[in-house]
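Q: The structure follows.
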Amino acid sequence: MAEIDEIVEVNISRQTSVASMASFSEHLIADCFNPVGIKPKFDKTHRVRIFGSAAEVAEAGFDTDSWVYKAAERQFSQSPHIKQIYVGWKAPSGLADTKLTFSSDFIAGNEAVLTLNAITLDSVAYNTEGSNAAVLEKLAELINAEFAGRLEASVSGENEISIFGTAVSGVNVAVTGGDTHNQTVTASVKAIAADTDWTTALNAMLNDQNNGFYACEIHSEVLTDLQDFAQWVQANEKLGGIVSSDSTIIDGEGDIADWLKTNNIDRVFCFFSPNDPYFVSGLFGKMLTKHPGSATWAHKALESTPTVELSAGERNVALSKNANIYTSVSSLPLTRWGTTGSGEYIDVIHGCDWLKAKIQQLVLTTLANQDKVAFDDTGIESIKSQLKAGLEQGVTYSILKAGEYTIECPTAAEVDAAAKAERKLPDVKFNAPLSGAIHKTAINGVVTL
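In our numbering, the protein residues as written are -13 to 435.
As structure tokens, then:
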């Protein structure tokens, strides 16, 4: 021990741990696609991948005409925009893992010709490649070249080639030359189960290690798919966006907007757009840069996004279903009115989700950083103070009205013995009016001579 410690002993314990808090600015776009040739690989255990730009999406192997690329491009075209995008994979039908197992090594003088899916590949000469391993590598290379975008082959073991992609059939190898040329090949095909519906696919994405998304959208206009999506979003406390080209939204009934309203879905919003399947991607890209709840989703202009021309009657039909529209008003492109299917405003859902998480984080951090929060009035006050701190942040970000929230907490003497035995503080309540936002106004005036 140093001499100074003998005179002045100082011990400092750190109570600086802070509970983690979910992010409310992460955006998932989910599609059903053939993942062959895309890196990093999508498969049954890797359902979500994260990219930092549209260029990264293209470099990963997505076609620049694909919905995934176009949706990412729209997100990143906003100014400002969120910094990354989550891409989710719904497994299609017809995929399989196939193993080609050759009966013995290829040796000097052998020439091998592989046939699969009724296509005969170029011959591979041992003397040219130089080893059994090199012959297998060359065969895999030929498969990848011939079936680009459909099959992905690699050497996976001794005399074994693994193929991922569409199911393989009609496999045969013809070997000539060398002291022995009686090698055969056996194909073992294991089908990859398709996702039967979007609920199954989204649950798999939620279980992926890259599951930190909040806002989400899927690539589909099938009504049952959109209903599955909406119910999943509602159950999992996410925020969902739908863009639909269904003209029934503006002139009929039985459409997805109608269904969202009828079923009181308050976590999914719908925009009508007859020719822009990437609208929601741009909207999320722009609005998720705002602090949750601090900005209305109405009256917003998006970059690289066409407006829709609608008659007064069409606008009224859409808006009566709580559907949203993106039109030009006095030459200004504007969103209207930023509501979810139930009629609640998107910023209210976004802000309240953040507020809930913030209060949980503050209270949990207090509980975790102390040896014990005593079940007395002082301990109860420490919980109350963290709740107040969360509500004050809600005021700071214009989610709640300033100076109008109230908090009710019992005293320690008012808590019954059963709750104390369970070590649970009950009946902590608050009432906090929302700050709201102005979307419309009426102005009356008189001018005189």
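Ideal placement from N, C-alpha and C gives every residue a C-beta, glycine not left out.
Everything numeric in this text was worked out from a predicted model, so none of it was measured.
#1: Within the same chain, show all residues whose beta-carbon is closer than 7 Å to that of residue 70, passing over the 5 residues directly before and after it, in chain order.
#2: Secondary structure at residue 140, three-state DSSP: helix, strand or coil?
#3: Just list the residues that DSSP pairs residue 74 with in beta bridges.
#4: Identify whether residue 107 lies in helix, strand or coil by the three-state DSSP scheme.
#5: What is the residue span of the alpha helix (DSSP H) that residue 230 lies within?
#6: Using DSSP's beta-bridge definition, name the partner residues of residue 29.
#7: Excluding the 5 residues preceding and the 5 following residue 359 in the sequence, name in chain order all residues of the same chain whose CB lies nearer than 8 Å to its CB.
#8: For residue 154, which three-state DSSP category applies?
#9: Ordered along the chain, which non-local residues of its own chain (more than five positions away) have a Cβ less than 6 Å from that of residue 290?
#10: Where does residue -1 sit, in a helix, a strand or coil, going by DSSP?
#11: Looking only at DSSP bridge pairs, what is residue 85 linked to?
#12: From this set, 53, 34, 379 and 396, which residue's C-alpha is nearest residue 277's C-alpha?
#13: Check whether the segment 191 to 204 touches the segment 112 to 120, counting contact only when three or more Cβ pairs, one atom from each stretch, lie closer than 8 Å.
#14: Report the partner residues of residue 201 according to the DSSP bridge assignment.
#15: Would residue 262 and residue 292 qualify as a contact pair, given that the criterion is a beta-carbon distance under 8 Å?
#16: State the CB to CB distance for the pair residue 164 and residue 103, rounded to an integer number of angstroms; the pair is presumed to be in contact (CB under 8 Å).
#17: Using the Cα positions of residue 10 and residue 410, report the straight-line distance between them to the nearest angstrom.
#18: Using only CA atoms, which one of 66, 146 and 237 lies nearest to residue 174?
#19: Below 8 Å between beta carbons: does that hold for residue 187 and residue 181?
#20: Classify residue 206: buried if its beta carbon has 16 or more other beta carbons within 10 angstroms, exposed otherwise.
#21: Going by beta carbon distance, what residues of the same chain come within less than 7 Å of residue 25, once the five residues before and after it are set aside?
#22: Express the C-alpha separation of residue 55 and residue 219 in angstroms, rounding to a whole number.
#23: In whole angstroms, what is the alpha-carbon distance linking residue 388 and residue 416?
#24: Going straight from the alpha carbon of residue 311 to that of residue 328, what length do you get?
#25: Between the beta-carbon of residue 152 and the beta-carbon of residue 80, is there less than 8 Å?
#26: State the start and end residues of the unbroken alpha helix (DSSP H) segment that holds residue 22.
#27: If you follow the beta strand (DSSP E) that residue 98 is part of, which residue opens it and which one closes it?
#28: Within 10 angstroms of the Cβ of residue 248, are there 16 or more other Cβ atoms? Answer buried if so, exposed if not.
#29: Do the segment 300 to 320 and the segment 336 to 348 touch if we need at least three Cβ pairs shorter than 8 Å?
#30: Does residue 238 pass the burial test, meaning 16 or more other C-beta atoms within 10 Å, or should it be called exposed?
#31: Taking the alpha carbon of residue 94 as the point to measure from, which residue in 106, 117 and 101 has its own alpha carbon closest?
#32: For a test of the three-state rule: what should DSSP assign to residue 282, helix, strand or coil?
#33: With H, G and I counted as helix, E and B as strand and the rest as coil, what does DSSP make of residue 236?
#34: Considering only the beta carbon of each residue, do residue 74 and residue 34 sit closer than 8 Å?
#35: Could you work out which residue in 333, 177, 246 and 300 is closest to residue 84 when comparing CA atoms only?
#36: Considering only the beta carbon of each residue, do residue 107 and residue 138 sit closer than 8 Å?
A: By the coordinates alone:
#1: 36, 37 and 38
#2: For residue 140, the secondary structure class from DSSP, reduced to helix, strand or coil, is strand.
#3: In the DSSP output, where bridge partners are listed per residue, residue 74 has 16 and 34.
#4: coil
#5: Counting along the chain, residue 230 falls outside any alpha helix (DSSP H), though it belongs to the beta strand (DSSP E) covering 225 to 230.
#6: 32
#7: 352, 353, 365, 368 and 369
#8: In the structure shown, residue 154 adopts coil according to DSSP, grouped into three states.
#9: Excluding sequence neighbours, residue 290 sits near 63.
#10: Interpretation of residue -1 is limited by its pLDDT of 48, a score under 50 that renders its predicted location unreliable; the figure taken from the coordinates is listed afterwards. Coil.
#11: Looking at the DSSP output, residue 85 shares a beta bridge with 148 and 174.
#12: For residue 277, the nearest C-alpha among the options comes from 379.
#13: no
#14: 13 and 225
#15: Yes, these two residues count as a Cβ contact at 8 Å.
#16: About 27 Å; that fails the 8 Å criterion.
#17: 29 Å
#18: 146
#19: yes
#20: buried
#21: 46 and 47
#22: Those two C-alpha atoms are separated by around 23 Å.
#23: 14 Å
#24: Each residue's CA atom was taken as its position, placing residue 311 and residue 328 some 16 Å apart.
#25: yes
#26: From DSSP, residue 22 is part of no alpha helix (DSSP H); its letter is neither H nor E.
#27: Unbroken beta strand (DSSP E) run through residue 98: 97 to 102.
#28: When all chains shown are included, residue 248 counts as exposed.
#29: no
#30: exposed
#31: 117
#32: coil
#33: Here residue 236 sits in helix by DSSP.
#34: yes
#35: 177
#36: no
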